[in-house]
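The structure appears below as structure tokens.
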Amino acid sequence: MIKIEHLSKNFGSLSVLRDISVEIKEGEVISIIGPSGAGKSTFLRCINLLDRPSSGSILIKGINILDPKIDVAKVRQKMNMVFQAFNLFAHISVLENLTIAPMKLLGKSRESAEKKAHELLNLVGLSDKAGSYPDELSGGQKQRVAIARCLAMEPEVILFDEPTSALDPTMINEVLSVIRRLARQGLTMLIVTHELDFAKDVSSRVFYLDEGGIYEDGTPRQIFENPQKEKTKAFIKKQESFYQHIVSSNYDLYALIAEVDCFCSRLMVNVQSRKNLMVLIEEVLQLFRKSTLSFPLDMTVNYEEKTEMLELLFEAPPGSVNPMLTESGDNGSALPAIESRLQSQEYRQLGGRNRLSLYLKKP
Numbered sequence: 095m096i097k098i099e100h101l102s103k104n105f106g107s108l109s110v111l112r113d114i115s116v117e118i119k120e121g122e123v124i125s126i127i128g129p130s131g132a133g134k135s136t137f138l139r140c141i142n143l144l145d146r147p148s149s150g151s152i153l154i155k156g157i158n159i160l161d162p163k164i165d166v167a168k169v170r171q172k173m174n175m176v177f178q179a180f181n182l183f184a185h186i187s188v189l190e191n192l193t194i195a196p197m198k199l200l201g202k203s204r205e206s207a208e209k210k211a212h213e214l215l216n217l218v219g220l221s222d223k224a225g226s227y228p229d230e231l232s233g234g235q236k237q238r239v240a241i242a243r244c245l246a247m248e249p250e251v252i253l254f255d256e257p258t259s260a261l262d263p264t265m266i267n268e269v270l271s272v273i274r275r276l277a278r279q280g281l282t283m284l285i286v287t288h289e290l291d292f293a294k295d296v297s298s299r300v301f302y303l304d305e306g307g308i309y310e311d312g313t314p315r316q317i318f319e320n321p322q323k324e325k326t327k328a329f330i331k332k333q334e335s336f337y338q339h340i341v342s343s344n345y346d347l348y349a350l351i352a353e354v355d356c357f358c359s360r361l362m363v364n365v366q367s368r369k370n371l372m373v374l375i376e377e378v379l380q381l382f383r384k385s386t387l388s389f390p391l392d393m394t395v396n397y398e399e400k401t402e403m404l405e406l407l408f409e410a411p412p413g414s415v416n417p418m419l420t421e422s423g424d425n426g427s428a429l430p431a432i433e434s435r436l437q438s439q440e441y442r443q444l445g446g447r448n449r450l451s452l453y454l455k456k457p
């Protein structure tokens, strides 16, 4: 239904979106997630031509909507957008907010437009608010009116730009419930959202935006339960990381330990977990010192806020060996001080380097 090819968007010298190519099928519900500033809203605005792409093409049912001959107003009628700020007309009633565009742009009679408006207000649970004015409504009610107004234009695609970000927590669910209902009706929707549980529940597909593009694309299960790329994993798991490149075996252990302790303190990591981590770092680095071809060595500490899981990760050059192997060759801990603090460990080759992952036990 929508085919995007080599889409880029620059604001002056700032490159926000770079070379995005993706296809969206009719009836798909796509949640767009990612860190602030990743270009999620810009991506939607480019699709709806509120921001004109710097380069690339957007084809809707085979028609390039970036063609200068295309009537942009007609494009927007079929691809409507719901904004985080509601954008309702404050000086007219809820009913009039829903009927003015269908009458002026679609040529509907007042009777027909009002009949449809009442149906849509009933759909979003606001049938008793037709005569009210926007200022008389709560934030959640305003957003539901905005959704109904969007539907009144009979769009083929609906774009939601963070529809709950301006709402109090108590009002979020009433808006999300309406969007869930629309998803069940088979509407094609693209939703920029920070509500990850909602995205997992409602979507048929998820885009994780980062580094100026669609960094990872998959089903909700793939993205939320088994993400493949590091930045996606960190975002989904609310993971914080500490990284240190250790050039040689003549490193300053005490300075390194102090930096890691500051990192853990900032994240309020459990005191016992911090102590266990320091012991592991010291003991495992001693094992690497005894191994051949272990340096330069990359060390990363990953902390997942949700699960309170600590991972100690080492990446060594090609040709290095697993320092955790005992003399007998069994893949076990070489020292009781290490083994007693581990929940699990994994050693594998990745991208030509040898990776040792150690997962700490929770105290």
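For what it's worth, our numbering labels the leading residue of the sequence shown as 95, then goes sequentially.
Don't be surprised by glycine CBs; every beta carbon is placed ideally from N, CA and C.
Values in this document were obtained by computation on a predicted structure and should not be read as measured data.
Assuming V166 and G306 make a contact with CB atoms under 8 Å, what is their CB distance in whole Å? Working through the sequence shown from its first residue, we reach residue 166 at position 72. Working through the sequence shown from its first residue, we reach residue 306 at position 212. Rounded, the Cβ-Cβ distance is 25 Å, inconsistent with contact.
Output needed for F180: all residues of its chain with C-beta closer than 7 Å, excluding positions within five of it in sequence on either side, in chain order. Numbered from its first residue, the sequence shown carries residue 180 at position 86. Excluding positions up to five away in sequence, the list reads K236, Q237 and A240.
How would you call A246, buried or exposed, if buried means at least 16 neighbouring beta carbons within 10 angstroms? In the sequence shown, residue 246 corresponds to position 152, counting from 1. Classification of A246: buried, given that the 10 Å Cβ count is 16 or more.
Can you tell me whether P457 is buried or exposed? The criterion is at least 16 other CB atoms within 10 Å of its CB, across all chains shown. Position 363 of the sequence shown, counted from the start, is the residue given in the question as residue 457. In the assembly as shown, P457 is an exposed residue. Its beta-carbon has fewer than 16 other beta-carbons within 10 Å.
Residue range of the alpha helix (DSSP H) that L160 falls in? As a working mapping, residue 160 is identified with position 66 in the sequence shown. No alpha helix (DSSP H) holds L160; DSSP gives it neither H nor E.
Measuring straight from C-alpha to C-alpha, what distance separates S298 and T401? One-based indexing of the sequence shown puts residue 298 at position 204. One-based indexing of the sequence shown puts residue 401 at position 307. Rounded to whole angstroms, S298 to T401 spans 26 Å at the Cα level.
Taking the alpha carbon of R170 as the reference point, which residue from D145, L189 and V188 has its own alpha carbon closest? Walking along the sequence shown from the start, residue 170 turns up at place 76. A check of alpha carbon separations from R170 across D145, L189 and V188 identifies D145 as the nearest.
Per DSSP, the bridge partner or partners of A224: The residue you call residue 224 lines up with position 130 of the sequence shown. For A224, DSSP records no beta bridge to any residue.
Below 8 Å between beta carbons: does that hold for M283 and V123? Taking the sequence shown and counting its residues from 1, the one referred to as residue 283 is at position 189. Taking the sequence shown and counting its residues from 1, the one referred to as residue 123 is at position 29. In this structure, V123 lies closer than 8 Å to M283 by Cβ.
Hey, how far is the Cα of I308 from the Cα of F177? For the purposes of this step, residue 308 is taken as residue 214 along the sequence shown, with counting starting at 1. For the purposes of this step, residue 177 is taken as residue 83 along the sequence shown, with counting starting at 1. Cα-Cα distance, rounded: 22 Å.
In terms of DSSP beta bridges, what is R299 paired with? Walking along the sequence shown from the start, residue 299 turns up at place 205. Its beta-bridge partners are I124.
Inter-residue spacing [alpha-carbon to alpha-carbon] between L454 and E433: Locating residue 454 in the sequence shown gives position 360, where the first residue counts as 1. Locating residue 433 in the sequence shown gives position 339, where the first residue counts as 1. One C-alpha to the other measures close to 10 Å.
By the 10 Å Cβ neighbour count, where 16 or more other Cβ atoms means buried, how is I98 classified, buried or exposed? Within the sequence shown, the letter at position 4 stands for residue 98. When all chains shown are included, I98 counts as buried.
Note down, in chain order, each residue of its chain lying with its Cβ closer than 7 Å to the Cβ of L361, except the 5 sequence neighbours on either side. Position 267 of the sequence shown, counted from the first residue, corresponds to residue 361. Scanning its chain for C-beta atoms nearer than 7 Å, with the 5 sequence neighbours on each side dropped, one finds around L361 the residues E334 and Y397, in chain order.
Looking only at C-alpha atoms, which of G280, P314 and K103 sits nearest to A293? Taking the first residue of the sequence shown as position 1, residue 293 is located at position 199. Out of G280, P314 and K103, P314 has the C-alpha closest to the C-alpha of A293.
Is the beta carbon of L253 sitting closer than 8 Å to the one on M372? Taking the first residue of the sequence shown as 1, we reach residue 253 at position 159. Taking the first residue of the sequence shown as 1, we reach residue 372 at position 278. Taking C-beta atoms as the reference points, L253 and M372 fail to come closer than 8 Å.
Quick one: Cα of V354 to Cα of L450, how far? Numbered from its first residue, the sequence shown carries residue 354 at position 260. Numbered from its first residue, the sequence shown carries residue 450 at position 356. Within the model, the alpha-carbon separation for V354 versus L450 is close to 18 Å.
Contact set for R49: own chain, Cβ-Cβ below 8 Å, skip 5 residues either direction: Residue 49 cannot be examined here, being either before or after the span of the chain that is shown, 95 to 457.
For G88 versus L444, is the C-beta spacing smaller than 8 Å? It is not possible to answer for residue 88, since the shown part of the chain is limited to 95 through 457.
Hey, would you say the C-beta of C358 is under 7 Å away from at least one heavy atom of the ligand FMN? With respect to the ligand FMN, the structure shown offers nothing to examine, as it has no ligands at all.
Under a CB-based cut-off of 8 Å, is I285 close to chain C? As a matter of chain content, chain C is missing from the structure shown, which is built from one protein chain.
Among the residues of its own chain, which have a CB less than 7 Å from the CB of K325, if the five just before and after it don't count? Looking up residue 325 in the sequence shown gives position 231. Excluding residues within five positions, the ones whose Cβ falls inside 7 Å are D304 and Y309.
Alpha-carbon spacing of R442 relative to L350, whole angstroms: Taking the sequence shown and counting its residues from 1, the one referred to as residue 442 is at position 348. Taking the sequence shown and counting its residues from 1, the one referred to as residue 350 is at position 256. Looking at the backbone, the Cα of R442 and that of L350 are separated by about 25 Å.
Check the DSSP bridge columns for H339 and list the partner residues they point to. In the sequence shown, residue 339 corresponds to position 245, counting from 1. Answer is D392.
Selection from F301, A352 and S125 that minimises the alpha carbon distance to L270: As a position in the sequence shown, residue 270 is number 176, starting the count at 1. Closest by alpha carbon: S125.
Tell me which residues share the same chain as L290 and place their Cβ nearer than 6 Å to its Cβ, disregarding the 5 neighbours each side in the sequence. For the purposes of this step, residue 290 is taken as the residue at position 196 of the sequence shown. Excluding its 5 nearest sequence neighbours in each direction, L290 has no C-beta neighbour in its own chain below 6 Å.
Count the other C-beta atoms from every protein chain shown that fall within 10 angstroms of the C-beta of R243, then say buried if there are 16 or more, exposed otherwise. The residue given as residue 243 occupies position 149 in the sequence shown. With 16 or more Cβ atoms within 10 Å of its Cβ, R243 is classed as buried.
Does the distance from the CB of V286 to the CB of L138 come in under 8 Å? Within the sequence shown, numbered from 1, the residue matching residue 286 stands at position 192. Within the sequence shown, numbered from 1, the residue matching residue 138 stands at position 44. Contact flag set, yes.
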